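A.B. asks: Numbering (full-length UniProt numbering), first residue to last: 1 to 271.
A virtual CB, placed ideally from N, CA and C, is assigned to each residue, including glycine.
Quantities reported herein were computed from a predicted structural model and do not represent experimental measurements.
Set out below in structure tokens:
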């Protein structure tokens, strides 16, 4: 069910539950979409790449961007649809955002404001939502995909087996380009080095495995790291916490979110 957040239709909210493995087919919206994972992990895929959205985090999708969504675990999705004319101008591309406690409360509060006479209150809450979204920290959970056929062959092969540790020189022999040419193409087309892209891939692969309960050591070995320590160092460098701390913090936030949602009764209607 669509839950309107104010009468002019500039912002609306949807709450849906999905089973593990569910897939939302390719589609697009006229509005911007703030896609929030109250529980479970989602993967957003567009022609430009893929984004991993851990529980209690969100992804921003600009208007008109065709996308599909894959669910990992039991997913509780909460979405804000925001009219293009009021969407934050700084958010002009898909990105994963670290949702603040204040924003989570504001979303819940906005849904509670169903009284048609609460126009001023509703407008203030919506304004705060937009300001808070614009100020959220971006997280390095984007995996861009190239158009160049040589880079694409490398990236698709690594997506199939992210643990591979072949060098750029090795890949060059396979795709028919020098390592220097490939390095230049990675920087030009993807804005990062080959090693950075591979680390990004391994990070996005690690999150669903860690959240499913796999040990840090097992995930590290499966993704091609010689030790759990090396994997944890990479994880901390990109996300600011080691894997155990990060997963524990997400669990605490998810528990808090569940408690707050339950206190709201039927304000969120599941579909």
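Would you call residue 204 buried or exposed, if buried means 16 or more other Cβ atoms sit within 10 Å of its Cβ?
C.D. replies: buried
A.B. asks: Going by DSSP in three states, residue 22 sits in which element: helix, strand or coil?
C.D. replies: coil
A.B. asks: Could you tell me how far apart the beta carbons of residue 49 and residue 145 are, in whole angstroms, since I believe they sit closer than 8 Å?
C.D. replies: 5 Å
A.B. asks: What does a CB cutoff of less than 8 Å around residue 235 pick up in its chain, not counting 5 residues either side in sequence?
C.D. replies: Same-chain partners within the cutoff: 203, 206, 241, 242, 243 and 246.
A.B. asks: For the beta strand (DSSP E) that residue 278 lies in, which residues bound it at each end?
C.D. replies: Any property of residue 278 remains undetermined from this structure, which presents the chain solely from 1 to 271.
A.B. asks: Would you mind giving the Cβ-Cβ distance between residue 220 and residue 227, rounded to the nearest angstrom? I have them listed as a contact below 8 Å.
C.D. replies: 7 Å
A.B. asks: Let's test the definition: count the other Cβ atoms within 10 Å of the Cβ of residue 200 and tell me whether it reaches 16, buried, or not, exposed.
C.D. replies: buried
A.B. asks: Alpha carbon to alpha carbon, what distance is there between residue 173 and residue 100?
C.D. replies: Each residue's Cα considered, the two are about 46 Å apart.
A.B. asks: Am I right that residue 44 and residue 67 are in contact with their C-beta atoms under 8 Å? What's the rounded C-beta distance?
C.D. replies: 6 Å
A.B. asks: Checking 7 Å against the spacing of the C-beta atoms, do residue 10 and residue 83 come in under that value?
C.D. replies: yes
A.B. asks: Which runs of the beta strand (DSSP E) at least 3 residues long sit entirely within the UniProt domain "HTH araC/xylS-type" (152-249)? Give them in chain order.
C.D. replies: none
A.B. asks: Quick one: give me the first and last residue of the alpha helix (DSSP H) that residue 122 is part of.
C.D. replies: 119-135
A.B. asks: Can a CB atom of chain C be found closer than 7 Å to the CB of residue 72?
C.D. replies: Absent from the structure is chain C; it holds one protein chain and no more.
A.B. asks: Please return the same chain residues whose Cβ sits closer than 8 Å to the Cβ of residue 30, not counting the five positions on each side in sequence.
C.D. replies: 63, 64 and 84
A.B. asks: Can you give the beta carbon distance from residue 90 to residue 34, rounded, assuming they're within the 8 Å contact cut?
C.D. replies: Contact doesn't hold; Cβ gap of about 14 Å is too wide.
A.B. asks: In angstroms, rounded to a whole number, what distance separates the CA positions of residue 193 and residue 168?
C.D. replies: Straight-line spacing of the CA atoms in residue 193 and residue 168 works out to 10 Å.
A.B. asks: On a CA-only basis, which of 104, 117, 190 and 36 is nearest residue 155? Give me that one, please.
C.D. replies: Each of 104, 117, 190 and 36 was checked against the Cα of residue 155, and the nearest Cα belongs to 190.
A.B. asks: Kindly indicate which three-state DSSP category residue 44 falls into: helix, strand or coil?
C.D. replies: strand
A.B. asks: Express the C-alpha separation of residue 47 and residue 37 in angstroms, rounding to a whole number.
C.D. replies: 22 Å
A.B. asks: Considering only C-alpha positions, which residue in the set 130, 118 and 161 is nearest to residue 86?
C.D. replies: Measuring C-alpha to C-alpha distances from residue 86 to each of 130, 118 and 161 identifies 130 as the nearest.
A.B. asks: Looking at residue 141: is its Cβ nearer than 7 Å to the Cβ of residue 51?
C.D. replies: Their beta carbons are under 7 Å apart, which means residue 141 touches residue 51 by this criterion.
A.B. asks: Rounded C-beta distance between residue 231 and residue 223? I'm assuming under 8 Å.
C.D. replies: 7 Å
A.B. asks: Determine the DSSP secondary structure at residue 109, reduced to helix, strand or coil.
C.D. replies: helix
A.B. asks: Can you give the Cα-Cα distance for residue 76 and residue 180, rounded to whole angstroms?
C.D. replies: 45 Å
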